[in-house]
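K.L.:
If you scroll down you'll find the structure; I have some questions about it.
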Amino acid sequence: MSVTAPPRAPGTPPVRSGRTLRVGPVSASLRWREVALPVVGFAALVLVSAVSMGRGDFPIGVPDVLRTLVGLGEGPQEFIVLELRAPRVVVGVLVGLALGVAGALFQTFARNPLASPDTLGLTTGASAGAVAAIVLTGDTATGAVLGGLGIPTAALLGAAVAGLLLFALAWRAGLDGYRLVLVGIALWSVGNALIDWLLTRAEIYDATSAYVWITGSLNSRTWDHAVPLAIALAVLVPLALAASRVLAALQFGDDTARGLGVRLAGAQTAVVLLAVGLVAFAVSAAGPVTFVALVVPQIAVRLTRGSRPPLLASGLLGALLVVSADLVTRTVLPQALPVGILTAVIGAPYLLWLLVRGRRRSTL
Amino acid sequence: MTIETELVPAATATARVRLAAEHVRLAYDERVVVDDLDLELTEGSFTAIVGPNGCGKSTLLRALGRLLRPTSGQVLLDGRAIARTPTREVAKVLGLLPQTPVAPEGLTVGDLVARGRHPHQSWLRQWSRDDEAVVTEALTWTDMADLADRPVDALSGGQRQRAWISMALAQGTDLLLLDEPTTYLDLSHQIDVLELVGRLHAERGRTVVVVLHDLNLAARYAQRLVAMKDGALVASGSPAEVLTEQLLADVFDLEARVVPDPVTGTPMVVPVRRLR
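Taken in sequence, the protein lines are chains A and B. Its first residue numbered 1, the first sequence is counted upward by one per residue in my numbering. Its first residue numbered 1001, the second sequence is counted upward by one per residue in my numbering.
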């Protein structure tokens, strides 16, 4: 095939919707919105996080918080910011990031905006694991084992089991997005039935703490919660970003993707396992902060006006949503609510507004 | 209107076999659709696979394009088993257009056609000068350059099919498999799409295999017809050899007259009535 471009007639639109970027062997076509949204999202995230770390019984200004974060803080401020308040905010950032990226992976893969860790039964699996660990402790031998693991590990196991079941039951000579969603919904209801059963036989005190857990909360999170999550994300997020080129081909449907040279089974397995891993670690750290993975990729795709949810921007917006919701629950509301309630209250109307305003249909 | 296919000399007996099915048996789960089928497709040929609904022609095309793995027998691409060739290597030689391809909402024509470069790209090299040149050329050649910034979902059916063919062209493959590319199109757009495919064959030297329903159009544009019935290959040869009144009765249960097409002289089927 010839590689010399024929002269384009004047008035012919550019080939790609993005600007061409070429540096040495690296080349890409980038649209400015795809670059601007992560940048703006990151800046907003830093600002909201700093505000959040400054609010509390001992208020600290944003400049002082930022100074402390880069290592220039002093005495009590350093202790308050780094030891008392930062872990909570950092867990919020990481959880939002993981859920946003996982939601974008699922929705692109399933070509269905309803595919999210919530509807696919993954967060329900995690909740079932955590509730079992809370409720069954001291009750039975299995309960003792679960209790000994600790709630985060039990939740991680619950999400992993749900993820493997989802994968095994939906796999039929490959993964079909539609089948994945149907199997996920079935798992979701089984998980909920299990949680209800556990709650009905729980002591009232256990039931209350289990209930707070399954709404998703950042209360009393420490570096012990943040560190495993950070390590998991340091591995999984770069892998997800590396998969974005394959994801772009998977979007066209199985036949076209294979025609373009994508190893379908391997690519599907990788995408689903990455998303399951992100969700499992996020949920184990903060409980099922609902709606983030469902709503954020849809918001991101509308803001970038692209053809699929952008991975990095979805992650950053997810982090922004969780941290903002946490800030609101702690400061504005008269009584501190679990963050999971607020993410739904903030996220859902914004998505509805975008849906009403946009001309896009509701599909991906 | 010129019929481009006439410009091409008929494939000679010595032409190299590019794609071949050897004793393939194709099945969905337990249901066998095609059994023990042999077919050879030579360099530079234009073949149309015809047959009644459910005869296995699309299934055969899927197997030729390595979308369906034979339960026995094999498909050979340039003499090498396609199932054991890395799929990315195959994608540089063989392009395919599924029956109803789906484009993500909001994707522009230019970005769709650019996706055809996927097998030639890497994570770092996603839009090289070569890619841009090839895609620009594919858009211009298929007369889609003016629509490059339009969303694919805003196009008419005929334009959309042109966009997908443009993407297949940008993939830069010698072989091109098309599954009923004229489905859902009105007659003038059917002609438009087949003219384009004919030009891909005549001007760009592509080896083309197409599954078609319309026998008269198949006879016009293809050099070779392959007729299938109940998962078996019934006849193969030039349109004049294959499209006989006897074959139409045997394969399509159709009583028909076959007369010369007044425009091209290729056989033209005039149906009389359905038999049985």
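Glycine residues also receive a C-beta, built at the ideal position from the N, C-alpha and C atoms.
Assuming the contact rule is C-beta atoms closer than 8 Å, ALA300/A and LEU274/A should be a hit. Round their C-beta distance to whole Å, please.
P.N.:
Here residue 300/A refers to the residue found at position 300 when the first sequence is read from its first residue. Here residue 274/A refers to the residue found at position 274 when the first sequence is read from its first residue. Between LEU274/A and ALA300/A the Cβ distance is about 18 Å, and since that is not below 8 Å, they are no contact.
K.L.:
With 8 Å as the C-beta to C-beta threshold (strictly closer), list the residues of the region 222–252 of chain A near chain B in chain order.
P.N.:
Within the region 222–252 of chain A, the qualifying residues are ALA242, ARG245, ALA248, ALA249, GLN251, PHE252.
K.L.:
Spatial neighbours of PRO59/A within its chain, please: CB distance less than 6 Å, with the 5 preceding and 5 following residues excluded, ordered by chain position.
P.N.:
If you number the first sequence from 1, residue 59/A lands on position 59. Correct list: empty, nothing qualifies.
K.L.:
Just to confirm my understanding: we take ALA1256/B, look at its own chain, exclude 5 residues before and 5 after, and list those with CB closer than 7 Å. What are they?
P.N.:
Along the second sequence, one-based indexing puts residue 1256/B at 256. So the qualifying residues of the chain are GLU1245, LEU1248, VAL1269, VAL1270, PRO1271, VAL1272.
K.L.:
So if I threshold CB-CB distances at 7 Å, which residues from the region 23–43 of chain A count as touching chain B?
P.N.:
PRO25, VAL26, SER27, ALA28, SER29
K.L.:
In angstroms, rounded to a whole number, what distance separates the CA positions of LEU236/A and LEU1107/B?
P.N.:
As a position in the first sequence, residue 236/A is number 236, starting the count at 1. As a position in the second sequence, residue 1107/B is number 107, starting the count at 1. Distance between the alpha carbons of LEU236/A and LEU1107/B: 28 Å.
K.L.:
Where THR304/A and ARG31/A are concerned, what is the direct C-alpha to C-alpha distance, given to the nearest angstrom?
P.N.:
Your numbering for residue 304/A matches position 304 in the first sequence. Your numbering for residue 31/A matches position 31 in the first sequence. Near 8 Å, if we compare the C-alpha coordinates of ARG31/A and THR304/A.
K.L.:
Contact criterion: CB-CB distance below 7 Å. Does VAL101/A meet it with respect to chain B?
P.N.:
Taking the first sequence and counting its residues from 1, the one referred to as residue 101/A is at position 101. No, because no Cβ of chain B sits closer than 7 Å to the Cβ of VAL101/A.
K.L.:
Hey, how far is the Cα of GLU1004/B from the Cα of PRO38/A?
P.N.:
Here residue 1004/B refers to the residue found at position 4 when the second sequence is read from its first residue. Here residue 38/A refers to the residue found at position 38 when the first sequence is read from its first residue. Below a pLDDT of 50, predicted positions are generally treated as unreliable, and GLU1004/B, at 43, falls in that range; no measurement from the model is reported.
K.L.:
Does any residue of chain B bring its CB to less than 7 Å from the CB of GLY367/A?
P.N.:
As displayed, chain A neither begins before 1 nor continues past 364, which places residue 367/A out of reach and without an answer.
K.L.:
Looking at C-alpha atoms only, which residue of ALA28/A, ALA282/A, MET53/A is the closest neighbour of SER127/A?
P.N.:
Residue numbering aside, residue 127/A sits at position 127 when the first sequence is read from its first letter. Nearest option by C-alpha distance: ALA282/A.
K.L.:
Can you list, in chain order, the residues of its chain whose CB lies under 7 Å from that of LEU157/A, leaving out five sequence neighbours each side?
P.N.:
Indexing the first sequence from 1 puts residue 157/A at position 157. Contacts found: GLY129.
K.L.:
Applying the criterion that 16 or more other CB atoms from any shown protein chain within 10 Å of the CB defines a buried residue, is SER324/A buried or exposed?
P.N.:
Within the first sequence, the letter at position 324 stands for residue 324/A. SER324/A is buried by the Cβ-count criterion.
K.L.:
PRO6/A CB to nearest chain B CB: under 7 Å?
P.N.:
Translated into the one-based positions of the first sequence, residue 6/A becomes position 6. At PRO6/A the pLDDT is 48, less than 50, meaning the model places this residue with poor confidence and gives no usable figure here.
K.L.:
Under 7 Å, Cβ to Cβ, is there at least one residue of chain B near LEU260/A?
P.N.:
Here residue 260/A corresponds to residue number 260 of the first sequence, with the count starting at 1. Yes, contact with chain B.
K.L.:
Assuming contact is defined by CB atoms lying nearer than 7 Å, are ALA1163/B and ALA1138/B in contact in what I supplied?
P.N.:
Stepping through the second sequence from its first residue, residue 1163/B is reached at position 163. Stepping through the second sequence from its first residue, residue 1138/B is reached at position 138. At a Cβ-Cβ threshold of 7 Å, ALA1163/B and ALA1138/B do not count as neighbours.
K.L.:
How would you label VAL23/A, buried or exposed, when you count the other beta carbons within 10 angstroms and need 16 or more for buried?
P.N.:
On the first sequence, residue 23/A is found 23 positions in, with the first residue counted as 1. With fewer than 16 other Cβ atoms within 10 Å, it is exposed.
K.L.:
Can a CB atom of chain A be found closer than 7 Å to the CB of PRO1104/B?
P.N.:
Here residue 1104/B refers to the residue found at position 104 of the second sequence. Flagged as an interface residue toward chain A: PRO1104/B, by a C-beta distance shorter than 7 Å.
K.L.:
Span of the alpha helix (DSSP H) holding TYR1184/B?
P.N.:
As a position in the second sequence, residue 1184/B is number 184, starting the count at 1. Neither: TYR1184/B is in no alpha helix (DSSP H) and is coded neither H nor E.
K.L.:
With DSSP as the reference, label LEU364/A as helix, strand or coil.
P.N.:
Mapped onto the first sequence, residue 364/A falls at position 364. With a pLDDT of only 40 at LEU364/A, under the threshold of 50, the placement of this residue in the model should not be trusted; the figure read from the coordinates follows. Coil, per DSSP.
K.L.:
Just reading off the alpha helix (DSSP H) that ASP196/A is part of, what are its end residues?
P.N.:
Counted from its first residue, the first sequence places residue 196/A at position 196. Its alpha helix (DSSP H) spans residues 177–200.
K.L.:
Tell me which residue opens and which closes the alpha helix (DSSP H) that GLN77/A is part of.
P.N.:
Here residue 77/A corresponds to residue number 77 of the first sequence, with the count starting at 1. Following the DSSP letters along the chain, one finds GLN77/A inside the alpha helix (DSSP H) bounded by residues 75–78.
K.L.:
Report back the beta-carbon spacing between VAL51/A and LEU327/A to the nearest angstrom; my notes put them in contact at under 8 Å.
P.N.:
Numbered from its first residue, the first sequence carries residue 51/A at position 51. Numbered from its first residue, the first sequence carries residue 327/A at position 327. Taking C-beta atoms under 8 Å as the contact rule, VAL51/A and LEU327/A qualify, at a distance of about 6 Å.
K.L.:
In whole angstroms, what is the alpha-carbon distance linking SER307/A and PRO1104/B?
P.N.:
In the first sequence, counting from the first residue as 1, residue 307/A sits at position 307. In the second sequence, counting from the first residue as 1, residue 1104/B sits at position 104. About 6 Å.
K.L.:
When you compare each of PHE291/A, LEU187/A, GLY174/A to GLY163/A by their alpha carbons, which one comes out closest?
P.N.:
In the first sequence, counting from the first residue as 1, residue 163/A sits at position 163. Of the listed residues, the one whose Cα sits closest to GLY163/A is LEU187/A.
K.L.:
What residue from ASP176/A, ARG85/A, LEU99/A, VAL181/A has the CA that sits closest to ALA313/A's CA?
P.N.:
Position 313 of the first sequence, counted from the first residue, corresponds to residue 313/A. A check of alpha carbon separations from ALA313/A across ASP176/A, ARG85/A, LEU99/A, VAL181/A identifies LEU99/A as the nearest.
K.L.:
Let me make sure I understand the geometry here. Which of GLN298/A, LEU354/A, ALA344/A has the alpha-carbon closest to that of LEU114/A?
P.N.:
Mapped onto the first sequence, residue 114/A falls at position 114. LEU114/A has its Cα closest to that of GLN298/A, out of GLN298/A, LEU354/A, ALA344/A.
K.L.:
What residues match up with ALA1210/B in a beta bridge as DSSP calls it?
P.N.:
As a position in the second sequence, residue 1210/B is number 210, starting the count at 1. Note that residue 1210/B is Val in the sequence shown here, rather than Ala. DSSP lists ALA1048/B, LEU1178/B as partners of VAL1210/B.
K.L.:
Answer yes if the region 333–350 of chain A comes into contact with the region 58–77 of chain A, meaning at least three C-beta pairs across the two stretches below 8 Å, and no otherwise.
P.N.:
no
K.L.:
So, using beta-carbon positions, are GLY1095/B and ALA1168/B closer together than 7 Å?
P.N.:
Residue 1095/B sits at position 95 when you count from the first residue of the second sequence. Residue 1168/B sits at position 168 when you count from the first residue of the second sequence. Going by C-beta atoms, GLY1095/B is nearer than 7 Å to ALA1168/B.
K.L.:
Looking at the C-beta of THR269/A, does it have a partner C-beta in chain B at a distance below 7 Å?
P.N.:
Translated into positions along the first sequence, residue 269/A becomes position 269. So, not an interface residue.
K.L.:
Is the beta carbon of VAL1135/B closer than 7 Å to that of VAL964/B?
P.N.:
As displayed, chain B neither begins before 1001 nor continues past 1276, which places residue 964/B out of reach and without an answer.
K.L.:
Can you grab the Cα-Cα spacing for the pair GLY1231/B / LYS1057/B, in whole Å?
P.N.:
Along the second sequence, one-based indexing puts residue 1231/B at 231. Along the second sequence, one-based indexing puts residue 1057/B at 57. Distance between the alpha carbons of GLY1231/B and LYS1057/B is about 8 Å.
K.L.:
CA-CA distance, VAL272/A and LEU180/A?
P.N.:
What you label residue 272/A is simply residue 272 of the first sequence in a count that begins at 1. What you label residue 180/A is simply residue 180 of the first sequence in a count that begins at 1. Their backbone Cα atoms lie some 10 Å apart in a straight line.
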